[in-house]
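Under the numbering used here, the residues of the sequence shown are numbered 24 to 327, in order. Single-structure report; data block below.
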Amino acid sequence: MSELKERIRIVEVGPRDGLQNEPTPIPVATRIALIEDLVMAGIRHIECGSFVSPKWVPQMANTAEVCQQLSRQSDTIYSVLTPNMKGLEQAIEAQVNEVAVFGAASETFSQKNINCTIAESLQRFAPVVTQAKQQGLRVRGYVSCVVGCPYEGDISPAQVAPVVEQLLDLGCDEISLGDTIGIGTPSTVKPLLNLVIPITGIGKLAVHFHNTYGQALVNIYQALNQGIRIVDSAIAGLGGCPYAKGASGNVATEDVTYLVESLGFDTGLKLSKLIDISQQLCDQLGRPNRSHVAQALSTTLRKK
Ligand code: HMG
Ligand code: MG
């Protein structure tokens, strides 16, 4: 009898973190098809968009239409970003089952991204989390710039830990640590996780690596070795943050799947389907595919 493999939960952030950085707005129908296709490929936790100011991030306008017109699977978490009560109200109306608040370990990034200090952001998040929980929604809490900030440089684990603690105190179910500018290496990720894991417990902590310096996979390997089992990624390595200039995309979902499956974990994902989706999307967007695995396997898999 084959041994039951340990599951890695991949949180697909491409339709949000990926598309929020595209130079031209993506039609609602394309956003919906992408989400539905990714769920068909086995994704069970997916970010569908953001309820943020369309003046700040025009690419995420029409997230309400995306959520409303989506065909949903009952076993899947459909998530959106909600920075304030206005965002939460739209999320409740759109009947998602998870919202995410997003803070930072860097004061300057917090100002640039959500126009307030870290302390003010936590005050804003408090009613968002409380009301979301009352509505029966799951709540994710992001911390950005966990190892480095585009404005302030190095960020220490000691700057991250209090933000994590406060997000948990507010009632967040899960914390995702964002290396927004992809600057981390195992030498900075290891001490960060050593400090944060005892605060959250292993089951509540996710890692969110951008791949700007090409270090995301090695950082994920480091995190897996420290017990992390929730990993954020974006199809085709799409993305970046509009308020972190030069930050490139998230680690590609295809590359994470290839790595963790080869290590003996189960993702529930069909790699060949992911690659079809990612190639199709890149053709549509007219951009190169940032997934190495997709580039390597697309031709052979398409022939099957
Ligand atoms: P503000 O200007 O301080 O907000 O922005 P405000 O309350 O003064 O409102 C200004 C205007 O925005 C008003 O409209 C509001 O109605 C509107 P006006 O009267 O001028 O026409 N507004 C909204 N509209 C729609 N939905 C809302 C909303 N709230 C206000 N929820 C605010 C503050 C937070 C709204 C703004 O800074 C913002 O939208 N920021 C979004 C930034 C963002 O989305 N960044 C990217 C996501 S974070 C990320 O990528 C990092 C992550 O991936 C992890 C990692 O990699 O590290 C998560
Ligand atoms: Mg991100």
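Note that the Cβ used here is the ideal one computed from N, Cα and C, for glycine as well.
Beta-bridge partners of residue i, as assigned by DSSP
i	result
L200	V166, V230
E130	DSSP, once it has assigned bridges, lists no residue as partnering E130.
R95	The partner list for R95 (beta bridge, DSSP) is empty, contrary to what the question assumes.
D289	R30
E35	I69, S256
D177	G171
Neighbour-count burial assignment, residue i, 16 or more Cβ in a 10 Å radius
i	result
L42	buried
L27	exposed
Q113	buried
S70	Per the sequence presented here, residue 70 reads as Glu, with Ser not at that position. With 16 or more other Cβ atoms within 10 Å, it is buried.
M63	exposed
T203	buried
D255	buried
Own chain residues within Cβ distance below 6 Å of residue i, not counting five before or after
i	result
G291	G65
V316	E277, D278, Y281
E88	V51
C168	A127, A128, S129, F132, I178, T203
Endpoints, the alpha helix (DSSP H) within which residue i is located
i	result
E112	108-116
A181	180-193
Y101	Segment 100-104 is the beta strand (DSSP E) holding Y101; no alpha helix (DSSP H) there.
A246	239-248
R54	51-63
E88	86-92
V283	276-285
D255	D255 -> not in any alpha helix (DSSP H); beta strand (DSSP E) instead, spanning 253-256.
V151	141-157
N273	Careful: N273 lies outside any alpha helix (DSSP H) and carries neither H nor E.
Residues near residue i in its chain [Cβ-Cβ closer than 7 Å; skip 5 each side]
i	result
M108	P150, V151
T223	V187, L191, I198
E284	T290
C172	S129, T131, F132, I178
Q238	G205, G207, T208
S271	G205, H233, N234, T235, G263
R32	H68, R252, I253
N312	A259, S301, Q302, C305, Q318
T211	V170
R161	I100, N120, E121, D196
I55	V89, Q92, L93
L294	E277, T280, Y281
Boundaries of the beta strand (DSSP E) in which residue i is found, first to last residue
i	result
A123	121-127
E70	68-73
Neighbourhood of residue i by C-beta distance below 8 Å, restricted to the same chain and skipping five residues each side
i	result
Q134	T140
P221	none
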